[in-house]
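Some notes on the structure that comes next.
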Amino acid sequence: MIRIGIDVGGTFTDLVVAEGSAERGPAVFKVPSTPEDPSIGLVDGLEAVARARGMTLRDLVARVEVIVHGTTVTTNATLTRGGAKVGLLTTAGVRDALEMRRGIRERQYDNRYTNALPLVPRHLRLPIDGRLDHAGREIEPLALEAVEKAVSTLEDEGVEAIAICFMNAFANPAHEKSAAEIVRARLPSAYLSISTRVLPSIRFYDRVSTTVLNAYVGPVLRRYLDSLVGRLASLGFGGTLLIMQSSGGVVAPALATEKAAITLLSGPAAGPRAGAAYVEAHGLRSCVTVDMGGTSFDAALVENGEATTVTEGEIERYRLALPMLRIVTIGAGGGSIGWVDEGGLLRMGPKSAGARPGPACYGRGGVEPACTDADLLLGYLDPAFFAGGRMALDREAAVRAVSKIAGPLGMSVEEAAVGMARVIDHNMAQGVRAVTVERGHDPRELPLVVAGGAGPLHACAIATELELPLMVVPRESSTFCAAGMLMADLQHDLVRSTIAPLASLDRGELGKIVDDLVAEGRAILAEEKIPDDRVRLELQLDVRYVKQYHEVRVPASIGAVRAGDLAQVAAAFHAEHDRLFGYELSKQGTPLELINVRLKAMGLTDKLVLPSEPRGPSDPSSARKGKRRAWVSDAFAEVDVYDGHGLVHGALVQGPALVEQVNTTLFVAKGFRAVRDRLGSFLVVRASSEQSLGASVRELLS
Amino acid sequence: MTIDPILVSVLARAFRSITDEMSACLARTTRSPILCEAKDFVTGLYDAEGRMLEQTENLPILSFSLGPVCKHLAKTFAGDLHDGDVIFHNDVFSYGNQLNDVAVFKPIFFEGRLIAWAACKGHQADIGGAVQGGYNPNATECWQEGLRIPAVKVWEKGKLRRDVWDLIFSNIRLDIVQEDMRAEMGACVVGERRIKSLFAKYGADVLDAHKEHLFSATARMMEAEIRKIPDGVYRGEATVYFDGKHPGSRHQIRVEVRVEGPRVTFDYSRTDPQTTGFVNGTFTSSASATTLTFLQMVNPDIPHNEGLIGPLELIIPEGTILNASYPAATTFGNHLCPPNADALIRALAPAIPDRVTAGWNQLLCALTTGNDPRKGGAKYVDICFMGLKGGSGAMAGVDGYDHIGMIDASGGVLDQDYEMFEQQTPHRLVLHEYITDSAGPGRWRGGLGVRTVFEVGGDGTQVVTFGDGDVEPAFGLFGGGPGTLNKIELRYPDGRVYRTTSKDLVAGVPAGTLYVQEAGGGGGYGDPRERPRDKVREEVRAGLISQEAAARDYGLHGGDHAR
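So, in structure tokens, the structure goes:
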């Protein structure tokens with residue numbers, strides 16, 4: 028039985044193929060993406076897999092049990108404003124909330140900064156009379172005839188999707204249900220996005236924005252998945268197709284279509300799980316994962332095998348309040364462009380040379396100095412062996428570009444290149460800091476998993492800046508996310524708002540909410556044919572001190588909450604508040620308040636098994652290719668260059684050294700050592716912190 | 006010492022990430038919606054002498070006064086500062102903004118030496134005085150407005166001075182103010198931890214030298230921007246209407262802007278004398294207003310540190326409405342920013358027509374206090390942020406920003422979430438929408454204003470209004486038209502309608518009263534007849550411009566509607 032993870036990116040479609048418990052490990056494929064219809068590139072990728080196995084596409088597809096698919100069609104539709112024409116039915120009086128975005132201007136001193144364009148223009152935001160109070164009690168009945176009339180208007184306007192969001196519906200979905208019935212009856216083809224289905228929790232702007240985003244991308248995802256499912260069916264696919272979500276879990280296509288917004292920030296969401304698997308080989312449960320590509324750098328914290336989930340995201344300046352992994356993305360990549368500001372300070376990014384024209388050294392017409400140009404001038408890249416020798420780099424073009432920095436700063440070109448690398452290294456270190464220090468974690472206790480084409484060149488600099496002891500560079504760092512997809516579980520995030528003092532709330536009522544959520548979660552998983560022994564349910568409560576406006580999420584035992592025992596919840600809340608914000612008020616007796624009840628319903632899947640390589644000698648000299656002049660901490664020096672594919676499990680390389688692989692080059696700085704582990708990852712270790720490492724790493728180094 | 010220009014860049018970013026983190030901390034932990042929902046606070050880092058390293062300025066009017074207070078503290082407590090000290094301050098006669106704006110300063114020590122300060126300042130829900138919430142239009146002296154806290158050590162060497170704490174908080178009505186001051190302290194502790202680790206990493210000497218370099222690099226950027234303004238003397242003025250005591254009274258703010266090469270002087274010598282009421286500024290609230298308005302006319306990407314301020318000179322004589330003498334009432338001082346900004350814009354518009362906006366909608370605001378019977382009669386304080394935010398002025402090439410609010414916040418202060426508003430107050434929101442025809446017409450139109458209606462619930466309800474913009478609308482520029490006026494009305498259940506003044510106190514507002522507020526639009530820029538027709542038609546269709554206004558202001562006639 029074959030399982031395939033497919034990550035469709037902007038430039039490449041990556042496939043990772045696993046078969047059974049495969050001794051020989053997953054096979055990796057890369058084909059060009061086809062943005063006009065990404066399912067074409069996906070099938071091209073499957074064909075490449077079939078060819079490599081000497082079988083027909085149909086034969087391959089028939090043997091595939093599971094395809095896990097990460098797609099950016101919803102993300103791209105939003106970024107390029109290519110989503111559906113949407114109509115919004117909302118409570119009379121508040122139809123502008125969506126466009127107002129609570130009145131924020133993100134750049135306060137910039138009078139040329141305009142508001143985000145609304146995803147639904149005003150003439151399609153239709154007010155409906157009918158009102159619930161803050162507790163969900165009806166003050167004024169829903170104006171059914173107004174709904175009828177609004178649906179006619181939207182039909183005439185030719186909308187593809189209708190979003191419904193009413194005031195206080197989180198406390199009572201009745202009005203939204205009635206309106207939805209009318210829409211379904213009158214306009215059955217419209218994609219329907221109902222706030223209490225998408226996000227039944229308090230905060231009107233968060234809910235209306237999320238519900239509209241869902242409507243905006245719903246028809247796009249529906250079209251794409253229909254086309255993909257059809258294409259796969261015509262090839263005889265009888266297995267399960269699963270779609271990656273922003274939360275790091277996967278979900279069946281039908282559910283993804285209903286809650287399309289759960290895929291909006293799914294691009295980097297498979298990375299943290301993959302990172303966890305690579306460090307688990309060394310008995311470690313927590314790590315930081317970073318992925319440095321051409322334009323962006325994604326950082327995430329993994330604790331006890333899982334990344335932190337948050338519900339406060341934004342896309343195109345619109346609030347997306349669905350569960351997603353806490354991934355910090357900053358504009359730092361190989362293509363990041365360096366510039367000197369008016370005060371004479373050197374900056375890097377966020378502007379990127381992208382893939383076209385790309386850095387100056389690509390010789391495709393780029394003239395601005397990019398990070399990759401600096402890397403070339405510092406000797407980290409071999410102009411003749413970029414992308415495994417498929418692409419020659421133009422050193423002269425890089426010199427010309429970096430001169431633009433060197434001139435104004437009165438430095439040599441090489442000094443300028445050093446400066447560019449330092450600034451971008453610092454920016455990336457800040458990204459790592461944002462997911463660790465700023466959340467109360469000491470990065471010096473955590474291994475850093477480094478992925479992405481450009482990541483391994485800069486890993487040691489980040490490690491130096493943050494005093495990290497250990498980095499893990501996975502063998503296939505460029506198809507990291509596709510591998511992560513084969514490690515994801517089915518996941519459904521359910522939420523109910525119920526606002527009450529923790530000490531005096533109606534325990535029976537709370538128990539019933541938990542029962543309802545559990546029943547709903549189990550029903551969805553049953554539909555997905557998950558056997559009972561593979562169901563995992565996790566309850567979380569959002570709690571705050573009375574009068575606070577923001578909650579802290581704490582885990583809770585389903586059994587205890589059902590039994591009315593909330594003592595553990597209170598204790599966990601005080602502790603978490605103290606950890607996050609530096610103080611807690613249990614001694615003051617400040618009462619607590621419950622806001623949301625959340626259930627994560629998971630169906631555990633078979634995970635990709637990473638194969639072990641046999642142990643070889645620690646002497647790496649057979650893989651040595653030669654020497655190259657490269658910048659080493661404070662001067663240029665002749666540095667050993669190794670063929671990374673020739674290094675075996677156990678091979679130990681002393682820094683400074685360069686380890687070249689087809690899609691990425693690892694720079695092992697002075698004071699670091701790199702050793703290849705049984706999974707084919709390079710462990711890069713700071714000499715001064717070796718005693719702090721785990722036994723498994725120490726054994727490899729000895 | 007040789008300066009490493011790269012390290013300068015690194016430090017500039019590091020400082021900013023620290024003040025941002027302090028800001029996030031405060032937003033997550035405070036109780037008053039004024040702080041956690043609207044973000045009416047600032048955070049900052051200062052060097053040992055009180056010079057600004059960086060600030061996160063949700064409300065810029067508060068931020069440019071932290072530095073002067075910090076310098077004052079450094080002098081006042083010279084030789085008597087210790088690790089573990091925490092100082093509270095709100096005194097308006099030693100560089101404070103407004104008594105409700107209570108600051109926390111934490112001196113930071115490294116290797117036994119004072120190296121920096123972390124500070125926060127936030128608008129507290131109450132500060133004692135005659136009126137809950139702090140706005141007392143009847144005040145004539147500062148003591149009638151609230152509790153004055155000159156620099157006071159509340160923690161000394163890490164030990165809480167319980168007596169001082171009790172003295173302060175027994176003069177403040179609401180318990181949440183204690184919690185929110187604790188949150189300000191927590192944010193300073195977070196800033197302290199981070200800045201100490203920077204010193205540990207780079208060493209004090211290296212850090213100090215590079216900090217000086219950062220200041221001078223920033224000053225050079227600012228000077229380059231000022232050089233872009235033609236040398237000359239530019240004058241502008243604006244009117245403050247109604248001092249809260251004498252209906253129909255008017256007070257002029259007059260500014261003379263002198264540009265000479267890389268330096269600019271803002272001279273307010275000809276501004277009218279202070280009033281007998283609370284409509285008076287303090288030096289720092291007025292200087293903040295000038296600074297933040299001018300910063301919107303230069304490159305918005307200049308880092309915010311001491312270097313920014315060096316090239317600016319301010320002359321604001323004591324005894325004027327912008328710098329009232331002790332012991333004047335001054336609670337309204339921050340809200341003199343909008344007319345001050347108008348005067349500055351009018352002065353500089355002829356010199357830099359492409360870098361100024363038309364007039365912004367001025368602040369008119371209401372603070373509601375009362376008891377919530379749903380919560381056992383608990384007191385609440387709410388500033389109706391969603392209602393006060395009108396439109397900004399348009400500028401060459403860009404329409405005004407809709408529903409952004411007064412220029413002193415520039416979109417940094419947010420609406421309450423509607424559903425949270427109904428949870429945290431006994432009121433019910435009826436309407437919050439853009440107002441048709443509120444935007445000043447123009448080639449580029451002003452930002453739209455909003456109408457807010459809520460039904461008053463609970464008992465003991467008192468409405469205090471403060472602001473302006475109900476006499477003169479936001480002005481247009483270069484052929485653009487004015488925006489609309491501000492207005493607050495109370496529609497009582499018995500049918501009476503009371504239109505408040507701009508500085509009013511209305512007690513005993515019964516449940517069932519409709520609170521109706523209009524925040525006006527911003528001024529337009531350029532001849533509205535040159536506005537692209539399809540844009541006008543689009544806004545007619547959206548209901549943002551009426552057919553009549555499209556014809557009258559934009560010259561769009563019946564036949565033009567054919568699509």
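For the record, the sequence lines run as chains A and B. Sequential numbering of the first sequence, starting at 28, is according to our numbering. Sequential numbering of the second sequence, starting at 6, is according to our numbering. We put the beta carbon where it would ideally sit given N, CA and C, even for glycine. All values derive from a computational prediction rather than experimental measurement.
Along the stretch 70 to 118 of chain B, the beta strand (DSSP E) occurs as fully enclosed runs of 3 or more residues at 91 to 94 and 106 to 115, listed in sequence order. Partner residues in the beta bridge of ALA45(A), as assigned by DSSP, are ARG30(A). By the beta-carbon neighbour count (other beta carbons within 10 angstroms, threshold 16), GLY434(A) is exposed. Approximately 5 Å separates the beta-carbon atoms of ALA173(A) and ILE155(A); this is inside 8 Å, confirming the contact. Under the 7 Å criterion on CB atoms, ILE221(A) is classed as non-interfacial with respect to chain B. Only exposed fits TYR331(B), as fewer than 16 other CB atoms lie within 10 angstroms of its CB. Contact note: ILE289(A) does not reach chain B at a C-beta cutoff of 8 Å; the least C-beta distance is about 22 Å. Residue range 317 to 320 is occupied by the beta strand (DSSP E) that includes GLU318(B).
A contact between stretches requires three or more CB pairs, one per stretch, nearer than 8 Å, and the stretch 407 to 427 of chain B meets this requirement with the stretch 126 to 138 of chain A.
Your pair VAL355(A) and ALA461(A) checks out as a contact, with CB atoms roughly 5 Å apart and the cut at 8 Å.
Nearest CB-CB separation between MET127(A) and chain B: below the 7 Å threshold. Under the three-state reduction of DSSP, VAL100(A) is assigned to helix. The CB of PHE231(A) comes closer than 7 Å to the CB of ASP422, TYR423 and GLU424 in chain B, given here in chain order.
Rounded to whole angstroms, the separation of the alpha carbons of PRO515(B) and VAL579(A) is 37 Å. Using a Cβ-Cβ cut-off of 7 Å, GLU116(B) does not count as an interface residue toward chain A, since no Cβ of chain A sits closer than that to its own. Among the CB atoms of chain B, one or more fall inside 7 Å of the CB of VAL450(A). Close to ASN304(B), with beta-carbon spacing below 8 Å, are these residues of chain A in chain order: GLU369.
Shown here for LEU84(A): same chain residues with a beta carbon closer than 8 Å to its own, the five before and five after excluded, namely VAL70, LEU73, GLU74, ALA77 and LEU262 in chain order. Contacts with chain A at 7 Å (Cβ-Cβ) do not include GLY375(B). Looking at the DSSP output, PRO154(A) bridges to THR117(A).
Here HIS676(A) carries a strand assignment [DSSP, helix/strand/coil]. In this structure, ALA628(A) places its C-beta atom within 7 Å of the C-beta atom of HIS519(A). With distances taken between CA atoms, THR295(B) lies nearest to ASN345(B) out of LEU313(B), SER99(B), ASN345(B) and ILE177(B). CA-to-CA, the gap between VAL225(A) and THR525(A) works out to about 17 Å. The C-beta of CYS193(B) comes no closer than 7 Å to any C-beta of chain A. Against chain A, the beta carbon of HIS437(B) has neighbours under 9 Å at GLY120, VAL121, ASP123, ALA124 and MET127, listed in chain order. Sixteen is the threshold: since fewer than 16 other Cβ atoms of the shown chains lie within 10 Å of the Cβ of ASN331(A), the residue is exposed.
If you look at HIS601(A), you'll find it in the alpha helix (DSSP H) that goes 594 to 608. Taking a Cβ-Cβ threshold of 9 Å, the residues of chain B close to ASP160(A) are GLU427 and ARG433, in chain order. Using a C-beta cut-off of 8 Å, the stretch 606 to 621 of chain A makes no contact with the stretch 643 to 656 of chain A, since fewer than three inter-stretch Cβ pairs fall below that distance. Counting every other CB atom within 10 Å of its CB across the protein chains shown gives MET28(A) a total below 16, marking it as exposed. Using a Cβ-Cβ cut-off of 8 Å, MET226(B) is close to ASP368, GLU369 and GLY370 of chain A, given in chain order. At a cut-off of 7 Å, the C-beta of GLY434(A) has no neighbouring C-beta in chain B. Within the model, the alpha-carbon separation for ASN195(A) versus CYS41(B) is close to 21 Å. Non-local beta-carbon contacts of ASN199(A) in its own chain, meaning distances under 6 Å to residues more than five positions away in sequence, involve LEU159 and GLY163 in chain order. Taking a 10 Å sphere around the C-beta of SER363(A), we find 16 or more other C-beta atoms and assign the residue as buried.
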